[in-house]
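Q: Letter 160 of the sequence shown, counting from 1, is numbered 160 in the working numbering, and no numbers are missing.
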Amino acid sequence: MRELARVKNLETLGLFYTKITDAGLKELKPLQHLTSLYLCGTKITDGGLAALRSCERLEHVNLWLCKISDRGVQELIRVSKPYKLVSRDVKAENTVITFAGTDATFGGPGLAVIAGPCAIENREQSMAVAEQVFRAGAQFFRGGAYKPRTSPYSFQGLGEQGLQIMAEVRDKFGMKIVTEAIDNESLDLVEKYADVIQIGARNMQNFSLLKRAGRARKPVLLKRGMAATLEEFLMAAEYVMSEGNYKVILCERGVRTFADHTRNTLDLSIVPAVQRLSHLPIVVDPSHGTGKRNKVTPLSRAAIAVGADGLIVEVHHDPDRAMSDGIQSLYPEQFDELMKQVRQIAPVVGRMVPAIGSHPRASETLSAQSGVRSAISPLA
Ligand code: PEP
Ligand code: MN
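1. Just the Cα atoms here: how many angstroms apart are Ser377 and Thr150?
2. Just the C-alpha distance for Leu330 and Ile165, rounded to the nearest angstrom, thanks.
3. Quick check: the Cα distance between Ala375 and Ile356, rounded to an integer number of angstroms?
4. Evaluate Val349 with the Cβ neighbour count: other Cβ atoms within 10 Å of its Cβ, from every protein chain shown; 16 or more gives buried, anything less gives exposed.
5. Could you please give me the residues that DSSP links to Gly144 through a beta bridge?
6. Assuming Phe141 and Ala128 form a contact by the criterion Cβ under 8 Å, report the distance between their Cβ atoms to the nearest whole angstrom.
7. What span of residues does the alpha helix (DSSP H) with Ile345 cover, start to end?
8. Tell me whether the beta-carbon of Val220 lies closer than 8 Å to the beta-carbon of Ala213.
9. If you draw a straight line from the C-alpha of Gly254 to the C-alpha of Gln334, how long is it?
10. CB of Glu252 to nearest heavy atom of the ligand MN: below 7 Å?
11. Do Leu58 and Thr35 have their C-beta atoms closer together than 8 Å?
12. For Ser278, count the other beta carbons within 10 Å of its own beta carbon; 16 or more makes it buried, fewer makes it exposed. Which is it?
13. Please classify Asp70 as buried or exposed, where buried requires at least 16 other C-beta atoms within 10 Å of its C-beta.
14. I'd like to confirm the pairing. Which residues does DSSP put opposite Leu222 in its beta bridges?
15. Sort out for me which residues DSSP pairs His40 with in a bridge.
16. Between which two residues does the beta strand (DSSP E) holding Ile165 run?
17. Please name the residue or residues paired with Glu176 in a DSSP beta bridge.
18. From the DSSP output, in three-state form, read off Gly350 for me.
19. Under three-state DSSP, which class holds Ser324?
20. Which full runs of the beta strand (DSSP E) of 3+ residues lie inside the region 254-313, going along the chain?
21. Just mark Asp260 as buried or exposed, buried being the case when its beta carbon has 16 or more other beta carbons within 10 Å.
22. Identify, in the order they occur along the chain, each residue of the same chain with its Cβ nearer than 8 Å to the Cβ of Leu205, setting aside the five sequence neighbours on each side.
23. How would you label Gly137, buried or exposed, when you count the other beta carbons within 10 angstroms and need 16 or more for buried?
24. Could you give the distance in angstroms between the alpha-carbon of Gly116 and the alpha-carbon of Cys40?
25. Can you check whether the CB of Lys295 is closer than 8 Å to the CB of Thr257?
26. Any chance the CB of Ser126 is under 7 Å from a heavy atom of the ligand MN?
27. Locate the alpha helix (DSSP H) running through Phe233, then write down its first and last residues.
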């Protein structure tokens with residue numbers, strides 16, 4: 001082994017019917033170019049496999065007729081790819097995230113539609129937008145109580161008061177709540193109130209926040225950083241999962257390019273790229289992805305056509321007076337039209353949009369108050 005370790009550029013190594021000790025596997029450490037290892041007829045101890053973790057580039061470990069314990073298999077998962085838990089190698093079937101009391105899912109045949117204002121500004125605004133997006137068929141209500149703003153002088157969000165307003169929205173309409181945590185402190189509160197914890201683009205590589213989200217008991221919607229590669233994006237999800245939270249939803253929200261006709265360039269090609277490598281659901285944010293209201297509906301159509309598991313869309317009842325992101329926020333009528341178009345496109349790609357108001361209490365409230373179609377009524 002010691003001799004082998006001197007072959008510095010060795011990329012592939014096969015050891016057949018050899019006696020290899022833990023100490024021997026540790027000797028592989030200097031082989032920093034080693035990407036593939038084949039072991040056949042070898043008895044491998046847990047300690048030996050743990051030693052393989054020091055080979056940083058090792059991606060493929062192939063074992064035939066080897067004796068290996070359960071713990072050893074776990075250890076192998078950790079050594080066999082830079083992103084392991086997010087990978088389809090570990091879990092071939094799609095992850096489906098469900099929510100008790102509704103038929104909303106991420107990653108199931110039903111598309112997930114999240115809609116609401118950029119920021120929770122006050123109770124009246126939130127209720128007004130919530131009612132409109134609920135009527136159009138959104139199953140999730142979005143809105144920031146903590147806003148990561150470019151300027152420290154811009155509106156920073158209502159904090160816990162904003163979360164309380166969101167909880168009221170959930171009670172009244174039955175929509176599940178998606179809201180952003182910007183640091184460990186806000187995550188404690190967001191975890192308490194929200195149904196889905198959003199980690200924003202600016203925090204995609206805030207590793208301590210990702211780890212904290214990994215210890216949370218709620219699903220995490222992880223937005224792609226504005227200059228993140230596919231691998232960096234998946235590694236960020238890996239951070240969350242490595243702490244034990246396997247309910248991660250990825251979100252493409254546009255990346256920085258030279259284009260000046262949009263705020264960001266919505267990279268829809270990442271959807272099939274993610275789906276090839278990972279079992280995690282991926283949704284698309286055409287609002288931040290374009291930054292322009294008139295581009296949100298066309299890009300939503302494209303996102304569904306490309307195979308996204310859902311959409312997150314900014315809607316405001318009075319966008320000209322919105323405290324943030326008014327120019328990319330849809331008017332409620334535009335969101336209603338967007339939903340109609342999404343309902344038409346979904347079956348073409350084998351998907352559907354769950355019925356309006358899948359929360360029984362919400363549909364009772366609304367049908368009594370304002371004649372909204374009930375959860376079980378067929379769609380127009
Ligand atoms: C948002 O969803 O309001 C937001 C701030 O998004 P992003 O992190 O993608 O900029
Ligand atoms: Mn916004």
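No residue lacks a Cβ here, since even glycine has one placed at the ideal position from N, Cα and C.
A: To lay it out plainly:
1. The sequence position of residue 377 within the sequence shown is 377, counting from 1. The sequence position of residue 150 within the sequence shown is 150, counting from 1. The pLDDT assigned to Ser377 is 32, lower than 50, so where the model puts this residue is not dependable; a value taken from the coordinates is nonetheless given after this. Distance between the alpha carbons of Ser377 and Thr150 is about 44 Å.
2. Position 330 of the sequence shown, counted from the start, is the residue given in the question as residue 330. Position 165 of the sequence shown, counted from the start, is the residue given in the question as residue 165. C-alpha separation (whole angstroms): 21 Å.
3. On the sequence shown, position 375 is the one that residue 375 refers to. On the sequence shown, position 356 is the one that residue 356 refers to. Note on Ala375: pLDDT 37, under 50, position unreliable in the model; the coordinate value appears next. Going by C-alpha positions, Ala375 is about 5 Å away from Ile356.
4. Residue 349 sits at position 349 when you count from the first residue of the sequence shown. Label assigned to Val349: exposed.
5. Indexing the sequence shown from 1 puts residue 144 at position 144. Gly144 is bridged to Ala119.
6. Stepping through the sequence shown from its first residue, residue 141 is reached at position 141. Stepping through the sequence shown from its first residue, residue 128 is reached at position 128. With a Cβ gap of about 12 Å, Phe141 and Ala128 do not count as contacting.
7. Taking the sequence shown and counting its residues from 1, the one referred to as residue 345 is at position 345. It spans Pro332 to Ile345 - the alpha helix (DSSP H) in which Ile345 sits, taken as one unbroken run.
8. In the sequence shown, residue 220 corresponds to position 220, counting from 1. In the sequence shown, residue 213 corresponds to position 213, counting from 1. Contact flag set, yes.
9. Against the sequence shown, residue 254 aligns to sequence position 254. Against the sequence shown, residue 334 aligns to sequence position 334. Straight through space, the alpha carbons of Gln334 and Gly254 are spaced by roughly 21 Å.
10. Within the sequence shown, residue 252 is the residue found at index 252, counting from 1. False, no ligand heavy atom lies under 7 Å from that Cβ.
11. As a working mapping, residue 58 is identified with position 58 in the sequence shown. As a working mapping, residue 35 is identified with position 35 in the sequence shown. A contact, by the Cβ cut-off of 8 Å.
12. Residue numbering aside, residue 278 sits at position 278 when the sequence shown is read from its first letter. So Ser278 ends up on the buried side.
13. As a first step, residue 70 is located in the sequence shown; it is residue number 70 there, counting from the start. When all chains shown are included, Asp70 counts as exposed.
14. Here residue 222 is taken as the residue at index 222 of the sequence shown, counted from 1. Looking at the DSSP assignment, Leu222 forms a beta bridge with Ile199 and Leu250.
15. By 1-based counting over the sequence shown, the position of residue 40 is 40. According to the sequence as given, residue 40 is Cys; it is not His. Answer by DSSP bridge pairing, in chain order: Phe16 and Trp64.
16. Within the sequence shown, numbered from 1, the residue matching residue 165 stands at position 165. Element bounds for Ile165: not the beta strand (DSSP E) but the alpha helix (DSSP H), Glu160 to Phe173.
17. As a position in the sequence shown, residue 176 is number 176, starting the count at 1. In the sequence as displayed, the identity of residue 176 is Lys instead of Glu. Answer is Phe140, bridged to Lys176.
18. Taking the sequence shown and counting its residues from 1, one reaches residue 350 at position 350. Looking at Gly350 - three-state DSSP - the assignment turns out to be coil, as it is neither helix nor strand.
19. Taking the sequence shown and counting its residues from 1, one reaches residue 324 at position 324. Of the three classes helix, strand and coil, the one that applies to Ser324 here is coil, per DSSP.
20. With a minimum length of 3 residues, the continuous beta strand (DSSP E) runs that stay inside the region 254-313 are 282-284.
21. Mapped onto the sequence shown, residue 260 falls at position 260. That one is exposed.
22. As a first step, residue 205 must be located in the sequence shown, where it is residue number 205. The question names Leu, but residue 205 in the sequence shown is Gln. Here the set comprises Gly225, Ala228, Glu232 and Ala236.
23. Within the sequence shown, numbered from 1, the residue matching residue 137 stands at position 137. Counting C-beta atoms within 10 angstroms of its own C-beta, Gly137 has 16 or more neighbours from the protein chains shown and is therefore classed as buried.
24. Translated into the one-based positions of the sequence shown, residue 116 becomes position 116. Translated into the one-based positions of the sequence shown, residue 40 becomes position 40. Taking the straight line from one Cα to the other gives about 56 Å.
25. For the purposes of this step, residue 257 is taken as residue 257 along the sequence shown, with counting starting at 1. For the purposes of this step, residue 295 is taken as residue 295 along the sequence shown, with counting starting at 1. Going by C-beta atoms, Thr257 is not nearer than 8 Å to Lys295.
26. Working through the sequence shown from its first residue, we reach residue 126 at position 126. Incorrect: Ser126 has no Cβ contact closer than 7 Å to the ligand MN.
27. Working through the sequence shown from its first residue, we reach residue 233 at position 233. Run containing Phe233: Leu230 to Ser242, per the alpha helix (DSSP H) assignment.
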